[in-house]
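S.K.:
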Amino acid sequence: MKFTWFNLMPWPYLPDDFRETNRSVWVDIDQRLFDPVKSHAVYNTYMDLLEYADRLGFDGVGVNEHHQNGYGIMPSPNIIAAGLARRTKDAALVVLGNSIALYNPPIRVAEEFAMLDCISGGRLVAGFPVGTSMDTNYCYGQIPSLTREKYQEAHDLIVKAWTTREPFAWNGRYNKLRHVNIWPRPIQQPHPPVHIPGGGSVETYDFCLDNTYSYSYLSFSGYLRAQALMSGYWKRVEERGADKSPYRAGFAQTICVADTDAEAERLYSEHISYFYNRCLHVYPGFADAPGYRTIKTIQTGALSQYAPPRGGYATLTWKELTEGGHVIAGSPETVRQRMEELIKGLNVGNIFCLMHVGDMPADKCMYSTKLFAEKVMPKLKAMFPSWAPEWVDDNRFWTTPLKDRVTAGRLPTEAPTSADLASTYALEAGE
Amino acid sequence: MQLKTVQAPRAAVRYFEGGSGPDLVFLHSAGGITADDPFLAALAETHHVYAPLIPGYGDSDEAPEIRDMLDFTLHGWDVVAALGLKDPILVGHSMGGMIAAEMAAIAPNDVSRLALIAPAGLWDDDHPIPDLFATLPFEMPALLFHDAVAGAAMLTAGRDVEDPGFLQAYLVTNARQLGMAGRILFPIPERGLHQRLYRIKARTVLIWGDSDKLIPPAYAHAFKKAIAGATLVSIPEAGHMVTLEKTAQVAEAVASLG
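Chains as they are written, first to last, in my numbering: chain A, 532 to 962; chain B, 2 to 259.
#1: Taking just the CA atoms, how far does glycine 729 of chain A sit from serine 762 of chain A?
#2: Could you please give me the residues that DSSP links to tyrosine 583 of chain A through a beta bridge?
#3: Determine, using beta-carbon pairs with one atom in the stretch 807-818 of chain A and one in the stretch 600-608 of chain A, whether at least three such pairs fall under 8 Å.
#4: Please state the DSSP three-state secondary structure of serine 776 of chain A.
#5: In the DSSP assignment, the beta strand (DSSP E) including valine 879 of chain A goes from what residue to what residue?
#6: Which residue comes first and which comes last in the alpha helix (DSSP H) that contains alanine 616 of chain A?
#7: Could you name each continuous alpha helix (DSSP H) segment of 4 residues or more that falls completely within the stretch 668-736 of chain A, going from the start of the chain to the end?
#8: Label histidine 726 of chain A either buried or exposed according to how many other C-beta atoms from any shown protein chain fall within 10 Å of its C-beta, with 16 as the threshold for buried.
#9: Span of the beta strand (DSSP E) holding serine 747 of chain A?
#10: Within 8 Å (strictly less), CB to CB, does alanine 820 of chain A reach chain B?
#11: Based on the DSSP secondary-structure assignment, which residues constitute the bridge partners of valine 656 of chain A?
#12: Quick check for students: name the residue ranges of the alpha helix (DSSP H) that lie wholly in the stretch 899-958 of chain A, counting only runs of 4 or more.
#13: Going along chain B, which residues have a C-beta under 9 Å from phenylalanine 738 of chain A?
#14: Please check if any C-beta of chain A sits within less than 8 Å of the C-beta of valine 162 of chain B.
#15: For valine 7 of chain B, does the three-state DSSP call read helix, strand or coil?
#16: Could you check where the beta strand (DSSP E) with tryptophan 536 of chain A kicks off and where it finishes?
#17: For a minimum of 4 consecutive residues, which ranges assigned as the alpha helix (DSSP H) are wholly contained in the stretch 19-52 of chain B?
#18: Could you tell me the distance, in whole angstroms, from the CA atom of leucine 44 of chain B to the CA atom of isoleucine 34 of chain B?
#19: By the criterion of Cβ-Cβ separation under 7 Å, what are the contact partners of phenylalanine 699 of chain A in chain B?
#20: Quick one: list the residues of chain A neighbouring methionine 181 of chain B, beta-carbon separation under 8 Å, in chain order.
#21: Show which residues of chain A have a CB atom less than 7 Å away from the CB atom of alanine 176 of chain B.
#22: Output yes if chain A places a C-beta closer than 8 Å to the C-beta of threonine 136 of chain B; else output no.
#23: Please name the residue in A:Asp561, A:Arg709, A:Ala612 whose C-alpha comes closest to that of asparagine 538 of chain A.
#24: Give the C-beta separation of proline 608 of chain A and valine 594 of chain A to the nearest angstrom, bearing in mind that I take them to be a contact with Cβ-Cβ under 8 Å.
#25: Using a threshold of 8 Å, state whether the C-beta atoms of isoleucine 236 of chain B and threonine 205 of chain B are closer than that.
#26: Taking the C-alpha atoms as reference points, what is the distance between glycine 972 of chain A and lysine 620 of chain A?
#27: Could you check whether the Cβ of tyrosine 577 of chain A sits closer than 8 Å to any Cβ belonging to chain B?
#28: Drop a sphere of 10 angstroms on the beta-carbon of proline 39 of chain B, count the other beta-carbons inside from all chains shown, and report buried for 16 or more, exposed for fewer.
#29: Rounded to a whole number of angstroms, what is the C-alpha to C-alpha distance between glutamate 794 of chain A and isoleucine 650 of chain A?
#30: With a cut-off of 8 Å on the beta carbons, I'd call histidine 94 of chain B and alanine 119 of chain B a contact; round off their distance for me.
#31: Thinking just about the alpha-carbon of each residue, which of B:Met155, B:Arg11, B:Pro218 is nearest to the one in glutamate 63 of chain B?
#32: Specify whether the stretch 205-215 of chain B and the stretch 230-250 of chain B touch according to this definition: at least 3 beta carbon pairs, one from each stretch, less than 8 Å apart.
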């Protein structure tokens, strides 16, 4: 199992009457609700928490890209990942990911991901989302029914830029580049492992299978509701004759751990409520631009992962959220049981642990994270005895870092003197 | 009105045909058009009407190769040619008006009579056009009609919104139709037409509802200024769907072209 500690980075100061006074947390949210001065502490705390997860032994730390919203204040995940590359040691940097249809030209992503891979010593997992409709269409102005075509071209260009050792010309529909020749290129060969976040677009299954990418289902409605979608994915895997390595799939799950079930409710329910009721308060007119999803996907009945349940989240109690599997919360034993159900039920090897929730303060988040790392994660680590041995360390879908990596800040504390340098370079000088 | 098919280079095009009189091609708005549209019926009283569907509309095939404004414009001329028409009266409403104006600008010698009904295609920072693509169905009547209540009744006529299959069918239709329209209207319905309007030679009539809240009448004046000799027919107590709210007056204004 690979556990990635994920931080969506929500803005924690949305007012109590946010739902009543704002039509949307995304796209046209009131600018004045963001306080740059407060964000100084917010950003640094969020990055501290990601670094803390690395120290506790999570396999990865995860960041992602969203725009113009109070749900996640990370328009550039690469900036956060760059900080983490320096301050984390072993965890994979799971950038899930860069919305590649939005970069002009997309070789910018090939370059920045290569930089992250080089700085981190080969610890990058590269995510290529299409991006939500809010981000891609309404904030960044991409034409909905052409977004996927543009995404596809960007993907093909990035992979070619990573894997081609000679300058080449790219005469695309959306990109015309006479000299593609990226510097730097990634450490991991032929390129970093790729994860594709999907919200139920059936075309994405084949894309992942064709390219040996991991399919990540990111939803907030929990693992019970994800069964139908994920079994559709595994059915397709089987139809295509591919192996069923659980690392072909990932799933995001909100998780809160405390000493007891009762303590979990006491500590975390307000933050869960903040997340579901404020951070997911998306105006339906921004959720799904016509043409953004394909006809085939609409016909499968999959709704946007940001679409609230009938009646909205406001009506859901803690009991309903936890029993319905939206949230896995409780004592370490409760959480272990539910996680086991999730992992077996969905057959997923990659878990994106959403452990910072809504306006959760750092102390509670550390408490929950530590309990998970110490009392839950070890018991789940090797929970697939039936897996074929080649899947146990299936590096097709995970990082292959350099064995010998340098650590940040390893320069001597003092600059050398003239005499030091004379002695260090004596031989060269004498030659 | 009869629904027929004509093969154009980029797509098999579905079109409505009916009436007799001078040839007239009508290009519909982003909302699409149906056989029982009262405005088509009104035009058909005096004209031989051809109303092609933009690919993806109604039951017509999609045309993935039609992506940008030039593609739409040339496809428009391809359809006119496929129908065997020469210098038909060119009429367009909203998105259709934008395409008609582009067609008249790119081939000014091929069209001598042009009617633009609340056309899209220009942008004025002082009069931002509401985002049609972020507008929910229940908000549409107030945006599109002078009389929102009557408009709502027109939009939902014959539809059972309680039918469980309705939502999915609605989403599919929306994805096909507005997905296609988005290629020239999203996120801002402007693709450089203002640089080309001077080329139009056609005798042009602009027709606008006085209470158009989607493309406000300020745009009527911008079009009038940019197209030499254009006349403006302003229609009181009508919104963007002036063709439905004041059908006879719009048909009469079109008929003034001959």
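Think of the CB as a built atom: it goes at the ideal place given N, C-alpha and C, for glycine as much as any other residue.
M.R.: Judging by the given coordinates:
#1: Locating residue 762 of chain A in the first sequence gives position 231, where the first residue counts as 1. Locating residue 729 of chain A in the first sequence gives position 198, where the first residue counts as 1. In a straight line, the C-alpha of serine 762 of chain A is about 14 Å away from that of glycine 729 of chain A.
#2: Here the question's residue 583 of chain A lines up with position 52 in the first sequence. Beta-bridge pairing by DSSP links tyrosine 583 of chain A to no other residue.
#3: In this structure the stretch 807-818 of chain A touches the stretch 600-608 of chain A; the number of beta carbon pairs closer than 8 Å is three or more.
#4: Taking the first residue of the first sequence as position 1, residue 776 of chain A is located at position 245. The three-state reading of DSSP puts serine 776 of chain A in coil, since its state is none of H, G, I, E or B.
#5: Position 348 of the first sequence holds residue 879 of chain A. For valine 879 of chain A, there is no enclosing beta strand (DSSP E), as DSSP marks it with neither H nor E.
#6: Here the question's residue 616 of chain A lines up with position 85 in the first sequence. Where alanine 616 of chain A is concerned, the enclosing alpha helix (DSSP H) stretches over 608-618.
#7: Listed in chain order, the complete alpha helix (DSSP H) runs (minimum 4 residues) inside the stretch 668-736 of chain A are 678-694.
#8: Residue mapping note: residue 726 of chain A aligns to position 195 of the first sequence, counting from 1. In this structure histidine 726 of chain A is buried. Its beta-carbon is surrounded by 16 or more other beta-carbon atoms within 10 angstroms.
#9: Position 216 of the first sequence holds residue 747 of chain A. Run containing serine 747 of chain A: 745-748, per the beta strand (DSSP E) assignment.
#10: Against the first sequence, residue 820 of chain A aligns to sequence position 289. It does; some Cβ of chain B falls within 8 Å.
#11: By 1-based counting over the first sequence, the position of residue 656 of chain A is 125. DSSP, once it has assigned bridges, lists A:Val625 as partnering valine 656 of chain A.
#12: The stretch 899-958 of chain A contains these whole alpha helix (DSSP H) runs: 908-911, 920-923, 949-955.
#13: Position 207 of the first sequence, counting from 1, holds the residue named residue 738 of chain A. Ordered by position in chain B, no residue passes the 9 Å Cβ test against phenylalanine 738 of chain A, which lies about 18 Å from the chain.
#14: In the second sequence, the residue the question calls residue 162 of chain B occupies position 161. Taking Cβ atoms only, chain A never reaches closer than 8 Å to valine 162 of chain B, which makes this a no.
#15: The residue you call residue 7 of chain B lines up with position 6 of the second sequence. Per DSSP, reduced to three states, the secondary structure at valine 7 of chain B is strand.
#16: Position 5 of the first sequence, counting from 1, holds the residue named residue 536 of chain A. Membership of tryptophan 536 of chain A in the beta strand (DSSP E) is indicated by the continuous run 533-537.
#17: Here the runs fully enclosed are 39-45.
#18: For this step, residue 44 of chain B is matched to residue 43 along the second sequence. For this step, residue 34 of chain B is matched to residue 33 along the second sequence. Between leucine 44 of chain B and isoleucine 34 of chain B, the alpha-carbon positions lie close to 14 Å from each other.
#19: Stepping through the first sequence from its first residue, residue 699 of chain A is reached at position 168. Within 7 Å Cβ-Cβ: nothing; phenylalanine 699 of chain A doesn't reach chain B, min ~25 Å.
#20: For the purposes of this step, residue 181 of chain B is identified with residue 180 of the second sequence, where counting begins at 1. Listed by position along chain A, the residues whose Cβ is nearer than 8 Å to that of methionine 181 of chain B are Ser676, Gly822.
#21: Walking along the second sequence from the start, residue 176 of chain B turns up at place 175. For alanine 176 of chain B, the neighbours in chain A by C-beta distance under 7 Å run, in chain order, Pro821, Gly822, Arg824, Ile826, Ile829.
#22: Locating residue 136 of chain B in the second sequence gives position 135, where the first residue counts as 1. Among the residues facing chain A, threonine 136 of chain B is included, as its CB has a counterpart in that chain under 8 Å away.
#23: As a working mapping, residue 538 of chain A is identified with position 7 in the first sequence. If we check each option's Cα against that of asparagine 538 of chain A, A:Ala612 comes out closest.
#24: Residue numbering aside, residue 608 of chain A sits at position 77 when the first sequence is read from its first letter. Residue numbering aside, residue 594 of chain A sits at position 63 when the first sequence is read from its first letter. Yes, they are in contact, since the Cβ atoms of proline 608 of chain A and valine 594 of chain A sit about 4 Å apart, within 8 Å.
#25: Sequence index remark: in the second sequence, residue 236 of chain B carries index 235 (1-based). Sequence index remark: in the second sequence, residue 205 of chain B carries index 204 (1-based). For isoleucine 236 of chain B and threonine 205 of chain B, no; Cβs fall outside 8 Å.
#26: The question about residue 972 of chain A has no answer here: the residues shown for chain A are numbered 532 through 962.
#27: The residue given as residue 577 of chain A occupies position 46 in the first sequence. False, the Cβ-Cβ gap to chain B never drops below 8 Å.
#28: Position 38 of the second sequence, counted from the start, is the residue given in the question as residue 39 of chain B. Exposed is the call here.
#29: On the first sequence, position 263 is the one that residue 794 of chain A refers to. On the first sequence, position 119 is the one that residue 650 of chain A refers to. Approximately 41 Å between the Cα atoms of the pair.
#30: By 1-based counting over the second sequence, the position of residue 94 of chain B is 93. By 1-based counting over the second sequence, the position of residue 119 of chain B is 118. Cβ atoms of histidine 94 of chain B and alanine 119 of chain B come within 8 Å of each other, at about 7 Å.
#31: Your numbering for residue 63 of chain B matches position 62 in the second sequence. Closest by alpha carbon: B:Arg11.
#32: Segments in contact, yes.
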